[in-house]
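Okay, structure first, notes after.
There are 2 protein chains.
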Amino acid sequence: MSSSKASANEKGPTGRRYHHGDLRRAILTAALDAIAADGPSGLSLRDLARRAGVSHAAPAHHFKDRAGLLTAIAAEGFGLLATALREAADLKEAGVRYVRFAREHPAHFQVMFAPDLLRTGDLELTTARALAGDALREAVTAVPPEGRGADARLAGVAAWSLAHGFATLLLGHNLDGPVGDQDPEEVFRELAAMLFRHAG
Amino acid sequence: MSSSKASANEKGPTGRRYHHGDLRRAILTAALDAIAADGPSGLSLRDLARRAGVSHAAPAHHFKDRAGLLTAIAAEGFGLLATALREAADLKEAGVRYVRFAREHPAHFQVMFAPDLLRTGDLELTTARALAGDALREAVTAVPPEGRGADARLAGVAAWSLAHGFATLLLGHNLDGPVGDQDPEEVFRELAAMLFRHAG
DNA sequence: CCGCGCAACTTGACACTGACAAGATTGCCC
DNA sequence: GGGCAATCTTGTCAGTGTCAAGTTGCGCGG
Chain A
1 MSSSKASANE
11 KGPTGRRYHH
21 GDLRRAILTA
31 ALDAIAADGP
41 SGLSLRDLAR
51 RAGVSHAAPA
61 HHFKDRAGLL
71 TAIAAEGFGL
81 LATALREAAD
91 LKEAGVRYVR
101 FAREHPAHFQ
111 VMFAPDLLRT
121 GDLELTTARA
131 LAGDALREAV
141 TAVPPEGRGA
151 DARLAGVAAW
161 SLAHGFATLL
171 LGHNLDGPVG
181 DQDPEEVFRE
191 LAAMLFRHAG
Chain B
1 MSSSKASANE
11 KGPTGRRYHH
21 GDLRRAILTA
31 ALDAIAADGP
41 SGLSLRDLAR
51 RAGVSHAAPA
61 HHFKDRAGLL
71 TAIAAEGFGL
81 LATALREAAD
91 LKEAGVRYVR
101 FAREHPAHFQ
111 VMFAPDLLRT
121 GDLELTTARA
131 LAGDALREAV
141 TAVPPEGRGA
151 DARLAGVAAW
161 SLAHGFATLL
171 LGHNLDGPVG
181 DQDPEEVFRE
191 LAAMLFRHAG
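So the sequence lines, in the order shown, correspond to chains A and B. Under our numbering, the first residue of the first sequence is numbered 1, with each subsequent residue one higher. Under our numbering, the first residue of the second sequence is numbered 1, with each subsequent residue one higher.
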């Protein structure tokens, strides 16, 4: 509308420049902030647009939908989780990384496991999820059978369930009483020790 | 509006009678159906009203809010869970009841652990939650120390984490591969056996 | 038996949201 | 330098939650 000669790097008279530069990333981080603060349910695309200083329909160009945005977040989350798991020395440490990930990236974590908010068939998402699954399986098979029982698949389910349950309950403030002000990662180490101990 | 003489138990000419009879329960069950089908996020109060055959603002009279409705569901869920846990003979069986509850009442379960949808301070909710917490603690302390380790609180966190993680992952279809078509409750029994075994 | 208060329900309105369509702007590549 | 495609805007529509004010009729006290 305005015929201003504002260059690409300067804001126009309306306080915004036409091309944001990295709007996709801006929307993503704004969304992560909002989700960490208020949960994924209250998330509003229009609000994110306002925070980023763009028009209300701008986000739709990068993420088709609300579901598209959340799917992108979930995929990113599974990617981050996969690399975090790969850095672990053993299975117990992988579990520790799991709960650390949940605490450091609560928004990602919440969205990753909220299937009703995602486009579950999305390719990017499924591949990222598979990547994380591989990382988990590797961690499980790395520990010798006498420390985890014969059935590796069962051990994987056990480890994942324990870590996931602990992380989920933690984020939901359901363990504020029991763990109190102890370091959650230390607490989890004890849980993991209960689950996997050398046969007596 | 219409001056029809339809009695309290007959539908008027608009297909509805003014006083529903048990609208609160009707809305609750409609909500549970909708949540089980599409998750809590897509829930619409107006849609529930349509299903129940009442006007769009009718639900607000029974549950002030959207949050009010979900809070009521969560409270009901914790009540059901508490009685289910009390019926268990030992701790392992309590865990089995936990995952059974999640599978039989998926809508309740999802809402109970979605804090961003609830009025977390609600009295009814907190008391129901406390009830369920008591039931869990009783189940934990009932098992002798040599079977669960010295720290009862830690054992409680472990049991809860394992059951909750397993149930959550199950409902999210994250374990469709590993558990396949086995009976989830049987699988969980094996997990529980890994966690609590007599010291060697 | 009657009328009256109060709970249950309705109608109407407002602001907000997600989604779509069509136009404006601009980086970029030939 | 010119045009093309990506990026962003403006405008619009149906749907939603929530509040306010009016209607209906159950049930209780007389």
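Backbone N, C-alpha and C define an ideal beta-carbon position, used for all residues, glycine too. No experiment lies behind these values; they were computed from the predicted model shown.
Please report the Cβ distance between residue i and residue j, rounded to the nearest whole angstrom; I am assuming they are in contact, meaning their Cβ atoms lie under 8 Å.
i      : j      : result
A135/A : L91/A  : Actually they are not in contact, since the Cβ atoms of A135/A and L91/A sit about 11 Å apart, beyond 8 Å.
A142/A : F78/A  : Going by Cβ atoms, the distance from A142/A to F78/A rounds to 20 Å, so no, they are not a contact pair.
L171/A : A102/A : 6 Å
V187/B : V157/A : 7 Å
F166/A : S41/B  : That pair is no contact at about 25 Å.
A193/A : G95/A  : About 10 Å separates the two Cβ atoms, so there is no contact after all.
D116/A : G39/B  : 2 Å
State the Cα-Cα distance for the pair residue i and residue j, rounded to the nearest angstrom.
i      : j      : result
E76/A  : L32/A  : 11 Å
L23/A  : A130/B : 45 Å
G15/B  : S55/B  : Caution applies to G15/B, whose pLDDT of 45 falls short of 50 and renders its modelled position unreliable; the value that the coordinates give is listed next. Using only the alpha carbons, I get a separation of about 12 Å.
A152/A : F196/B : 18 Å
H61/B  : G53/B  : 15 Å
M1/A   : T120/A : At M1/A, the pLDDT of 37 sits below 50, so the modelled position is not reliable; the number obtained from the coordinates is stated separately. If I take the Cα positions, the gap works out to 40 Å.
S44/A  : P145/B : 50 Å
L169/A : M112/B : 11 Å
G147/A : R66/B  : 49 Å
R189/B : A37/B  : 28 Å
D176/B : A89/A  : 27 Å
L69/B  : T71/A  : 27 Å
G21/A  : I27/A  : 12 Å
N174/A : A114/B : 11 Å
A163/B : H164/A : 10 Å
P59/B  : F109/B : 22 Å
L87/B  : E93/A  : Note that residue 87/B corresponds to Glu in the displayed sequence, not to Leu. Those two C-alpha atoms are separated by around 36 Å.
R25/A  : F63/A  : 11 Å
A49/B  : A57/B  : 8 Å
A150/B : A150/A : 27 Å
For chain A, check one thing: does any of its Cβ atoms lie closer than 8 Å to the Cβ of residue i?
i      : result
V143/B : no
T168/B : yes
H164/B : yes
S3/B   : Residue confidence is low: S3/B scores 35 on pLDDT, short of 50, so the model does not pin down where it sits. Its coordinate-derived value is still stated next. So, not an interface residue.
G15/B  : Reliability of the predicted coordinates at G15/B is poor, the pLDDT of 45 falling under 50, and no value is obtained from them.
A6/B   : Because A6/B sits at a pLDDT of 35, beneath the cut-off of 50, its placement in the model cannot be relied upon, and the following sentence gives the value as read from the coordinates. It does not; no Cβ of chain A falls within 8 Å.
F113/B : yes
E138/B : no
E190/B : yes
Are the C-beta of residue i and some C-beta of chain B separated by less than 8 Å?
i      : result
A158/A : yes
P184/A : no
D116/A : yes
R153/A : yes
S41/A  : yes
P178/A : yes
H173/A : yes
D208/A : Here chain A covers residues 1 to 200 and nothing more, so residue 208/A does not appear.
F101/A : no
V187/A : yes
E10/A  : Unreliable placement is indicated for E10/A, whose pLDDT of 43 sits below 50; the coordinate value is still reported in the next sentence. No, because no Cβ of chain B sits closer than 8 Å to the Cβ of E10/A.
G79/A  : no
G161/A : Residue identity check: residue 161/A is Ser in the sequence provided, not Gly. Yes, S161/A counts as interfacial toward chain B.
G149/A : yes
D38/A  : yes
L195/A : yes
Identify, in the order they occur along the chain, each residue of the same chain with its Cβ nearer than 8 Å to the Cβ of residue i, setting aside the five sequence neighbours on each side.
i      : result
D47/A  : A34
V140/A : L91, R148, A152, A155, G156, A159
Near residue i, which residues of its chain fall below 7 Å by C-beta distance, leaving aside the five closest residues on each side in sequence?
i      : result
R51/A  : A30
A74/B  : V111, M112, L118, L125
E185/B : V96, V99, R100
A132/A : F78, L81, A82, L85
H105/A : G77, L80
R137/B : G156
S7/A   : With a pLDDT of 37 at S7/A, under the threshold of 50, the modelled position of this residue cannot be trusted, and the question is left open.
Report all residues from its chain with a CB closer than 6 Å to the CB of residue i; omit the five preceding and five following residues, and keep chain order.
i      : result
A107/B : L32, I35, A36
Could you check whether the Cβ of residue i sits closer than 7 Å to any heavy atom belonging to the ligand SAM?
i      : result
A130/A : Only the bare structure without any ligand can be found here, which leaves the ligand SAM out of the picture.
Decide yes or no for the touch test of the region 175-185 of chain A against the region 26-42 of chain B: beta carbon pairs closer than 8 Å, at least 3 of them. With the cut-off at 8 Å, the region 175-185 of chain A and the region 26-42 of chain B do not touch.
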